[in-house]
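Student: Below are the structure tokens for one structure; questions will follow.
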Amino acid sequence: MEFAVESGLKTMGSGEGIRRNQALICAPLMADTVDQMVDLMHKAKSKGADIVEIRLDHLKIFNPRSDIEIMIKVCPLPTLFTYRPIWEGGQYAGDEKSRFKALQLAMELGADHIDIELKAAHEFNNFLHGNKPGKCKVIISSHNYDSTPPIEDLGNLVARIQAAGADIIKFATTALDITDVARVFQITVHSQVPIIAMVMGERGLMSRILCPKFGGYLTFGSLEAGQVSAPGQPTIEELVNLYNFRLLEPDTKVFGIIGNPVSHSKSPKLYNEAFKSVGFNGVYLHLLVDDVQKFFRTYSSMDFAGFRTYSSMDFAGFSVTIPHKEAALACCDEVDPVAKSIGAVNCVVRRPDGKLFGCNTDYVGAISSIEDGLLGSQNGSTGTGSPLAGKLFVVIGAGGAGKALAYGAKEKGARVLIANRTYDRARELADLVGGQALSLAELDNFRPEKGMILANTTSIGMHPKVNETPISKEALANYMLVLNAVYTPKITRLLREAAESGAQIVTGVDMFIGQAYEQYERFTGLPAPKEQFKKIMEN
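So the sequence shown is numbered by this note's numbering: it starts at 3 and just counts up by one.
What follows is the structure, given as structure tokens:
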């Protein structure tokens, strides 16, 4: 569903390059004074917004007639006036008649849109006595700050908003789980009237980004990170340049990284830049998932009855990170034998028949990075075998990534030792790969030989706890190469101390890029742009 922007509107922001959809990016403007509001209007245009929402309820001093007239006159973009009362999450605490008068003035003075709440719509319609300027579109809105209701209730809500005389329907709910968003997508595609439908909070992020795919009228993008008018709002910069918002279409394939936490992940930057550079019609998102089984079940069975453009097949592939790698394996219809042996998947692809296929690229990325490091240091074997053959390979951590590295090292002929905070888990994994086990506390005193390999697969030392390290600097003198799966920061305390001790180091960025190559090829069917991946991560 695409809605053309009325020809009478002022010129929209230029955005970025090619535009494949009509969905608007609206910048919510919140300021104390009219002068500040005007400054923000010009900033919104320069950032690439198409329209601005002027939040009258945030103005500390407000003279309706003169102030609204000035703002409409000088605004370089189409306008949406909102005067949100406290009872609907806004700042306005005055009487309704004054509020209605201000919104009526905005309509008469040339506003392109005004927003009135569903709870006040009947009273506002009576106040207008049917005198509604033709140019101004009335958005009737409803906000639920507690949850996302069942689909029947959402359908009834949309019907009530439409019956109240909305030119454009708007509702915002709150995501308690990422699967709540699926219901909102289903409502959006079936709407007969232009619709703005969002799910607030980090778990609802994809409702804002995929607005053009599912036919939404507009999405909100903040001018700066943190300056949001509702929870979970991305910035205009993120919408345009990180998620390629302008390029999204109804048949755009959806990919993403499933994790908890997940907002720190650099994967969307990596994949979306690569998708854009080769013209691949896909978008890659941050997906904050609590229950991975529920996620796959929901996005494998979405009902878009009557809309052949949309299907569950559009949710086409996923990277899987902590803590879901082991649970995701059980959700797959078919699992690669290596991933089955490891007991964890980090990549899930939807096949043409709708079935989910799981594999593990963690070990490929990590092991190849380590081999490259060993060969580069001239200390590894340069024969036809792996430079890991015969080496003592110490893995810290017994989770999904630990399993992957232990399995990969064993496959290359290394002798494997697992160190973990809880010895029983270390022993369990060691038994699986025919290796030794230690508790993490014992690792400092484990120095049987020189020239060992160390791989940390835990989050120890990850931002914000950057001063933590899993092993003392003294013990690092026995290792010829140290890998850290953590990539925020790129150089952790562990890697810094390893380098100071004379070891070759392999960063989490190297491992991250290595595992991403195969995932990209599985997602797109195209060869991975390896040099581009390296360049993106360097920046």
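Glycine included, C-beta positions come from ideal geometry on N, C-alpha and C. Remember, predicted model here, so these are calculated numbers, not experimental data.
Check whether the region 448-466 and the region 426-433 are in contact - that is, three or more C-beta pairs closer than 8 Å.
Tutor: Here the region 448-466 does not lie against the region 426-433, with fewer than 3 beta-carbon pairs under 8 Å apart.
Student: Report the option in Ala-184, Thr-509, Leu-105, Tyr-425 whose CA atom is closest to the CA atom of Thr-300.
Tutor: Ala-184
Student: Could you spell out where the alpha helix (DSSP H) holding Ser-68 opens and where it closes?
Tutor: 66-76
Student: Output yes if chain B places a C-beta closer than 8 Å to the C-beta of Ala-330; else output no.
Tutor: No chain B is present in this structure, which holds just one protein chain.
Student: Looking only at C-alpha atoms, which of Ala-174, Tyr-409, Tyr-219 sits nearest to Met-200?
Tutor: Ala-174
Student: Give a yes or no on whether the C-beta atoms belonging to Phe-282 and Leu-528 are separated by under 8 Å.
Tutor: Yes, the Cβ-Cβ distance between Phe-282 and Leu-528 is below 8 Å.
Student: Taking the alpha-carbon positions, what's the Ile-372 to Ala-416 distance?
Tutor: 12 Å
Student: Roughly how many angstroms separate the alpha carbons of Val-103 and Ile-170, rounded to a whole number?
Tutor: Contrary to the premise, residue 103 reads as Lys rather than Val in this sequence. Computed Cα separation, rounded: 21 Å.
Student: By how many angstroms is the C-alpha of Arg-57 removed from the C-alpha of Gly-223?
Tutor: 14 Å
Student: For Arg-352, list the residues DSSP reports as bridge partners.
Tutor: Leu-358
Student: Assign Phe-535 to one of three DSSP states: helix, strand, or coil.
Tutor: Residue state, collapsed to three classes: helix.
Student: Which value, in whole angstroms, describes the spacing of the CA atoms of Arg-427 and Gly-401?
Tutor: Going from the Cα of Arg-427 to the Cα of Gly-401 covers about 9 Å.
Student: Taking C-alpha atoms, which residue in Leu-250, Lys-475, Gly-319 lies nearest to Pro-214?
Tutor: Checking every option, the nearest Cα to that of Pro-214 belongs to Leu-250.
Student: What do you reckon, are the CB atoms on Arg-495 and Val-468 nearer than 8 Å?
Tutor: yes
Student: For the putative contact between Leu-26 and Leu-220, defined by C-beta atoms under 8 Å, what is the C-beta separation to the nearest angstrom?
Tutor: 4 Å
Student: Measuring CB to CB, does Val-347 end up less than 8 Å from Ala-341?
Tutor: yes
Student: Rounded to whole angstroms, what's the CA-CA distance from Val-264 to Phe-297? Just pull it up for me.
Tutor: 15 Å
Student: With a cut-off of 8 Å on the beta carbons, I'd call His-115 and Leu-61 a contact; round off their distance for me.
Tutor: With a beta-carbon spacing of about 18 Å, His-115 and Leu-61 fall beyond the 8 Å limit used to define contacts.
Student: Per DSSP, Arg-417 forms a beta bridge with which residues?
Tutor: Leu-394
Student: So does Asp-355 have its beta carbon nearer than 7 Å to some heavy atom of the ligand SAH?
Tutor: In the structure shown, the ligand SAH is absent, as is every other ligand, since no ligand is present at all.
Student: Taking the C-alpha atoms as reference points, what is the distance between Arg-162 and Lys-139?
Tutor: 17 Å
Student: Entirely within the region 129-197 and at least 3 residues each: give me those beta strand (DSSP E) ranges in chain order.
Tutor: 139-145, 170-176
Student: My understanding is that Leu-225 touches Leu-376, with C-beta atoms under 8 Å, so please give their C-beta distance in whole angstroms.
Tutor: Contact doesn't hold; Cβ gap of about 48 Å is too wide.
Student: Whole angstroms are fine: how far does the CA of Phe-320 sit from the CA of Val-294?
Tutor: Near 11 Å, if we compare the C-alpha coordinates of Phe-320 and Val-294.
Student: Would you mind stating whether Thr-84 and Ile-63 have Cβ atoms separated by less than 8 Å?
Tutor: No, Cβ-Cβ distance for Thr-84 and Ile-63 is not below 8 Å.
Student: When we look at the beta-carbon of Lys-327 and count the other beta-carbons within 10 Å, is it buried (16 or more) or exposed?
Tutor: Buried: at least 16 other Cβ atoms inside 10 Å.
Student: Skipping 5 residues on each side, what residues in its chain have a beta carbon closer than 6 Å to that of Met-202?
Tutor: Only Ala-174, Thr-176, Ala-232, Pro-233, Gly-234 meet the Cβ criterion.
Student: Have a look at Arg-352, Asp-355, Gly-356, Gly-360 and flag the residue whose alpha-carbon is nearest the alpha-carbon of Gly-345.
Tutor: Gly-360
Student: Opposite Gly-284 in the DSSP bridges: which residues?
Tutor: Per the DSSP secondary-structure output, Gly-284 pairs in a beta bridge with Lys-255.
Student: Determine, using beta carbons only, whether Tyr-312 and Val-511 come nearer to each other than 8 Å.
Tutor: no
Student: Between Gln-517 and Gly-387, which are expected to be in contact by the criterion C-beta below 8 Å, what is the C-beta distance as a whole number of angstroms?
Tutor: Not quite, the Cβ-Cβ distance comes to about 23 Å (not below 8 Å), so this is no contact.
Student: Please report the straight-line C-alpha distance between Ile-538 and Ser-48, rounded to a whole angstrom.
Tutor: 25 Å
Student: For Arg-352, does the count of other Cβ atoms within 10 angstroms reach 16, so buried, or fall short, so exposed?
Tutor: buried
Student: Where do the ends of the beta strand (DSSP E) carrying Ala-501 lie?
Tutor: That residue, Ala-501, is in no beta strand (DSSP E); its alpha helix (DSSP H) goes 495-502.
Student: Please report the straight-line C-alpha distance between Thr-471 and Ile-493, rounded to a whole angstrom.
Tutor: 12 Å
Student: Between Leu-212, Pro-531, Ser-343, which has its C-alpha nearest Lys-405's C-alpha?
Tutor: Ser-343
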